[in-house]
Amino acid sequence: MASSPSGSSTPSSKPSTEAPSPSSQTPLKVLEGHSGLVWRVAFFPYGRRLLSASHDGTLIIWDVESGEIEKKVTGHTGRVNSIAIAPDGSIFASGSDDEMLRFWHGLTGEPEGPPIATGFKDDGVWDISFSPDGLRVAATGGRYVQIWDTHTREPIAAPLEVPDGGWYTTAFSPDGSRIAADAGDGTVRVWDSVNGEVVFESLKGHSGRVQCAVFTPDGEQLVTCAEDNAICRWDMESGELIGTPLEGHTREVYGVVPSPNGKILASSGGDNTVRFWDLKTGDSKPTFLQHGDWVTAAAFSSDGRLLAVACYDTKVYIWDMEAIEAEFKDDSDSFLDLPATMPLGQSAGVAEVDQHGVDPLDFMATGYGPPGPHQRGPAEDPKKKNPSKGFKNVLRRFQQNVRSLRPRRRDTNGNPLPPVVGVHEGRMDERNVAGDPGTNRGSIDENQGTPVVYHSESDSDEELPDPYEGLNVVVRYLCYCTCIRSR
Numbered sequence: 289m290a291s292s293p294s295g296s297s298t299p300s301s302k303p304s305t306e307a308p309s310p311s312s313q314t315p316l317k318v319l320e321g322h323s324g325l326v327w328r329v330a331f332f333p334y335g336r337r338l339l340s341a342s343h344d345g346t347l348i349i350w351d352v353e354s355g356e357i358e359k360k361v362t363g364h365t366g367r368v369n370s371i372a373i374a375p376d377g378s379i380f381a382s383g384s385d386d387e388m389l390r391f392w393h394g395l396t397g398e399p400e401g402p403p404i405a406t407g408f409k410d411d412g413v414w415d416i417s418f419s420p421d422g423l424r425v426a427a428t429g430g431r432y433v434q435i436w437d438t439h440t441r442e443p444i445a446a447p448l449e450v451p452d453g454g455w456y457t458t459a460f461s462p463d464g465s466r467i468a469a470d471a472g473d474g475t476v477r478v479w480d481s482v483n484g485e486v487v488f489e490s491l492k493g494h495s496g497r498v499q500c501a502v503f504t505p506d507g508e509q510l511v512t513c514a515e516d517n518a519i520c521r522w523d524m525e526s527g528e529l530i531g532t533p534l535e536g537h538t539r540e541v542y543g544v545v546p547s548p549n550g551k552i553l554a555s556s557g558g559d560n561t562v563r564f565w566d567l568k569t570g571d572s573k574p575t576f577l578q579h580g581d582w583v584t585a586a587a588f589s590s591d592g593r594l595l596a597v598a599c600y601d602t603k604v605y606i607w608d609m610e611a612i613e614a615e616f617k618d619d620s621d622s623f624l625d626l627p628a629t630m631p632l633g634q635s636a637g638v639a640e641v642d643q644h645g646v647d648p649l650d651f652m653a654t655g656y657g658p659p660g661p662h663q664r665g666p667a668e669d670p671k672k673k674n675p676s677k678g679f680k681n682v683l684r685r686f687q688q689n690v691r692s693l694r695p696r697r698r699d700t701n702g703n704p705l706p707p708v709v710g711v712h713e714g715r716m717d718e719r720n721v722a723g724d725p726g727t728n729r730g731s732i733d734e735n736q737g738t739p740v741v742y743h744s745e746s747d748s749d750e751e752l753p754d755p756y757e758g759l760n761v762v763v764r765y766l767c768y769c770t771c772i773r774s775r
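Count the sequence shown with our numbering and you get residues 289 to 775, in order.
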């Protein structure tokens, strides 16, 4: 099992145990205009414009806000199998069964310069991708992957060739240094995009034809999907398969696409669904999008707020990703993810809490300290009032996440500083708060940069809490309680 240097690809230690269920959301828009199945969709980098390609031989530029067609682009004499938009949105390219690679103006949709006669036979042009700087364009077809200069339309070096089968999709890495392609023999290859040297030869993890290959935004993973209903993640430092293939689709997976922030993977399948995955852990998200026909492709908008889905039923569906992601959250999510403010007149989810007799730092002790006699909680002191049920719920969510918070101290040059300055053997008798411990334990020291110091008599054998925990937690916790109380 391999992982990326950052550890972002480490499989989850808590795999999903419940089967995902259909989302309760409905599409924001349903775009109708094609007369054949829609095979590819792509958002323009700016604004709310979308490009779709269909086996009816046309491309359509859509205004997503209105759902109207801006322009229907024609020119190919065969099915349009692929589209790619240059990173700056100035041009886009399309590939077809007619073996032509055509270029179009990003705003007008008019032809932009001469097309390229690829010479790809059998399958025509199957897939296209631009390099991150937009200076090169790559296309797959038959046994070849060819790279051209975008401006001169001349080929760059000799084509990359596979001896058996054929290439289906291709993708540049985020830094443009590598190019990947998947083949009909179930393998994936990665080359140096400049000199054509093989970086990883025949990555084997699928048992069926690979349909799609994409790099994650950080370039650390390559994600592939295939006819075997599975999704594989590859470590781009070692070339090793990360964990085990992701399974959930019940028919072949046509496409995969990562969200712009690299946190979520969306997969489109012949089982009429779009499924979502955590790119860090590989866990399946709890909900999926159910469609009435095969889902052939999906694309995120540049801000990640919208998802466009291409379907075999000739339509394009626009989904609200913010609403869908809200369904991913559960009781284990951090209160730090909750909204800090609410619209006027709304109070759902905000509770008034009677804090008389409640010591917030006693609650803290139940959340972050290791087991030991220094811990105190409301249940141990019958004279103290227990918090309300609403406050308990907030506290429970806080406790579940407190271990993920760590102090982030830096010097004037921005360099990290150690989070602990003083620990002495014995029991804890000082905390980073001001006032009488019995009456004002919840106020914060004026010198907020002063770390917590634990000390007491040296003959005490009481266990100390982990000094790396709780330093900034107190401040965050009290601020959150103050916010609730102020409502």
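Just so you know, even glycine gets a beta-carbon here, dropped at the ideal spot from N, CA and C.
The structure displayed is predicted, hence computed values, not measured ones.
Return the Cβ separation of residue 513 and residue 543 in integer angstroms, given the expectation that the two are a contact with Cβ distance under 8 Å.
For the purposes of this step, residue 513 is taken as residue 225 along the sequence shown, with counting starting at 1. For the purposes of this step, residue 543 is taken as residue 255 along the sequence shown, with counting starting at 1. Right, their Cβ atoms sit about 7 Å apart.
Contact between the region 470-488 and the region 435-451 (3+ Cβ pairs under 8 Å):
Inter-segment contact for the region 470-488 and the region 435-451 is present: three or more beta-carbon pairs are separated by less than 8 Å.
Between the CA atoms of residue 307 and residue 392 - distance to the nearest angstrom:
Position 104 of the sequence shown, counted from the start, is the residue given in the question as residue 392. Position 19 of the sequence shown, counted from the start, is the residue given in the question as residue 307. Those two C-alpha atoms are separated by around 44 Å.
Can you tell which of 455, 598, 522, 599 has its C-alpha closest to the C-alpha of residue 569?
By one-based count along the sequence shown, residue 569 stands at place 281. In terms of CA proximity to residue 569, 522 leads the group 455, 598, 522, 599.
Can you tell me where the beta strand (DSSP E) with residue 356 in it begins and where it stops?
Working through the sequence shown from its first residue, we reach residue 356 at position 68. Its beta strand (DSSP E) spans residues 356-361.
Whole-angstrom Cβ separation of residue 284 and residue 462, contact assumed at under 8 Å?
In this structure the chain extends from 289 to 775, so residue 284 is not present and cannot be described.
Distance, residue 468 Cα to residue 625 Cα
Position 337 of the sequence shown, counted from the first residue, corresponds to residue 625. Position 180 of the sequence shown, counted from the first residue, corresponds to residue 468. Model confidence at residue 625 stands at a pLDDT of 48, short of 50, so the residue's coordinates are unreliable and nothing is read from them.
Run through DSSP, which three-state label would residue 508 get?
Looking up residue 508 in the sequence shown gives position 220. It is coil, neither helix nor strand.
Going by C-alpha distance, which of 433, 595, 350, 525 is nearest residue 613?
Here residue 613 refers to the residue found at position 325 when the sequence shown is read from its first residue. Of the residues 433, 595, 350, 525, the one whose Cα lies closest to the Cα of residue 613 is 595.
Count the other CB atoms within 10 Å of the CB of residue 508; is the residue buried (16 or more) or exposed (fewer)?
The sequence position of residue 508 within the sequence shown is 220, counting from 1. A residue is called buried once 16 or more other Cβ atoms fall within 10 Å of its Cβ, and residue 508 is buried on that count.
Report yes if the CB atom of residue 436 is closer than 8 Å to the CB atom of residue 425, and no otherwise.
By 1-based counting over the sequence shown, the position of residue 436 is 148. By 1-based counting over the sequence shown, the position of residue 425 is 137. A contact, by the Cβ cut-off of 8 Å.
Between the alpha carbons of residue 422 and residue 379, how many angstroms are there, rounded?
Residue mapping note: residue 422 aligns to position 134 of the sequence shown, counting from 1. Residue mapping note: residue 379 aligns to position 91 of the sequence shown, counting from 1. For residue 422 and residue 379, the distance between alpha carbons rounds to 9 Å.
Do the region 598-616 and the region 317-326 touch if we need at least three Cβ pairs shorter than 8 Å?
As far as the Cβ criterion goes, the region 598-616 touches the region 317-326, which means the pair count is three or higher.
For residue 566: DSSP bridge partner residues
As a position in the sequence shown, residue 566 is number 278, starting the count at 1. Per DSSP, 552.
Secondary structure at residue 444, three-state DSSP: helix, strand or coil?
As a first step, residue 444 must be located in the sequence shown, where it is residue number 156. In the three-state reduction of the DSSP assignment, residue 444 falls in the coil class.
Which of helix, strand or coil does DSSP assign to residue 435?
Taking the sequence shown and counting its residues from 1, the one referred to as residue 435 is at position 147. Residue 435: strand per DSSP, three-state reduction.
Is residue 614 helix, strand or coil by DSSP?
For this step, residue 614 is matched to residue 326 along the sequence shown. Three-state result, residue 614: helix.
Cβ-Cβ separation, residue 372 to residue 405 (assumed contact under 8 Å), whole Å:
Taking the first residue of the sequence shown as position 1, residue 405 is located at position 117. Taking the first residue of the sequence shown as position 1, residue 372 is located at position 84. Under the criterion of beta carbons closer than 8 Å, residue 405 and residue 372 do not qualify as touching, at roughly 18 Å.
Contact between the region 573-582 and the region 521-535 (3+ Cβ pairs under 8 Å)
Taking a cut-off of 8 Å on C-beta distances, the region 573-582 does not touch the region 521-535, as fewer than three cross pairs fall below it.
Using a Cβ-Cβ cut-off of 6 Å (strictly less than) and excluding sequence neighbours within five positions of residue 694, which residues of its own chain qualify?
For the purposes of this step, residue 694 is taken as residue 406 along the sequence shown, with counting starting at 1. Because residue 694 carries a pLDDT of 43, less than 50, the predicted location of this residue cannot be relied on, and the following value inherits that uncertainty. Around residue 694: no qualifying Cβ.
By Cβ distance, which residues of its chain are closer than 6 Å to residue 358, with the 5 residues on each side in sequence left out?
For the purposes of this step, residue 358 is taken as residue 70 along the sequence shown, with counting starting at 1. So the list reads 349, 351, once near-sequence residues are dropped.
Which same chain residues end up closer than 7 Å to residue 316 when comparing Cβ atoms and leaving out the 5 residues on each side of it in sequence?
Translated into the one-based positions of the sequence shown, residue 316 becomes position 28. These residues qualify, in order along the chain: 606, 607, 608.
Return helix, strand or coil for residue 388, following the three-state DSSP convention.
Here residue 388 is taken as the residue at index 100 of the sequence shown, counted from 1. Look at residue 388 here: in three-state DSSP terms it is strand.
Could you tell me which of 388, 547, 332 sits nearest to residue 376, measuring between CA atoms?
As a first step, residue 376 is located in the sequence shown; it is residue number 88 there, counting from the start. If we check each option's Cα against that of residue 376, 332 comes out closest.
Which same chain residues end up closer than 6 Å to residue 459 when comparing Cβ atoms and leaving out the 5 residues on each side of it in sequence?
By 1-based counting over the sequence shown, the position of residue 459 is 171. Here residue 459 has 417, 468, 501, 502, 503 as same chain residues with Cβ atoms under 6 Å from its own Cβ, once five neighbours each way along the sequence are excluded.
Tell whether a beta-carbon distance below 8 Å holds between residue 390 and residue 364.
Here residue 390 is taken as the residue at index 102 of the sequence shown, counted from 1. Here residue 364 is taken as the residue at index 76 of the sequence shown, counted from 1. Against a cut-off of 8 Å, the Cβ pair of residue 364 and residue 390 comes out as a contact.
Assuming residue 386 and residue 366 form a contact by the criterion Cβ under 8 Å, report the distance between their Cβ atoms to the nearest whole angstrom.
As a first step, residue 386 is located in the sequence shown; it is residue number 98 there, counting from the start. As a first step, residue 366 is located in the sequence shown; it is residue number 78 there, counting from the start. Contact between residue 386 and residue 366 holds: their C-beta atoms lie close to 4 Å from each other, under 8 Å.
How would you write the range of the beta strand (DSSP E) that residue 328 sits in, first residue to last?
Here the question's residue 328 lines up with position 40 in the sequence shown. Its beta strand (DSSP E) spans residues 326-331.
If we call anything under 8 Å between Cβ atoms a contact, is residue 420 one with residue 464?
For this step, residue 420 is matched to residue 132 along the sequence shown. For this step, residue 464 is matched to residue 176 along the sequence shown. Taking 8 Å as the Cβ cut-off, residue 420 and residue 464 qualify as a contacting pair.
Please state if the CB of residue 342 and the CB of residue 325 are separated by a distance shorter than 8 Å.
Against the sequence shown, residue 325 aligns to sequence position 37. Against the sequence shown, residue 342 aligns to sequence position 54. Their beta carbons are under 8 Å apart, which means residue 325 touches residue 342 by this criterion.
Since residue 456 and residue 470 are thought to touch, with beta carbons under 8 Å apart, how far apart are those beta carbons, to the nearest angstrom?
Counting from one through the sequence shown, the residue named residue 456 turns up at place 168. Counting from one through the sequence shown, the residue named residue 470 turns up at place 182. About 5 Å separates the two Cβ atoms, so the contact holds.
Within 8 Å (strictly less), CB to CB, does residue 414 reach chain B?
Although the question refers to chain B, the structure presented lacks it and comprises just one protein chain.
Taking the DSSP output, what are the residues bridged to residue 430?
Within the sequence shown, residue 430 is the residue found at index 142, counting from 1. Looking at the DSSP output, residue 430 shares a beta bridge with no other residue.
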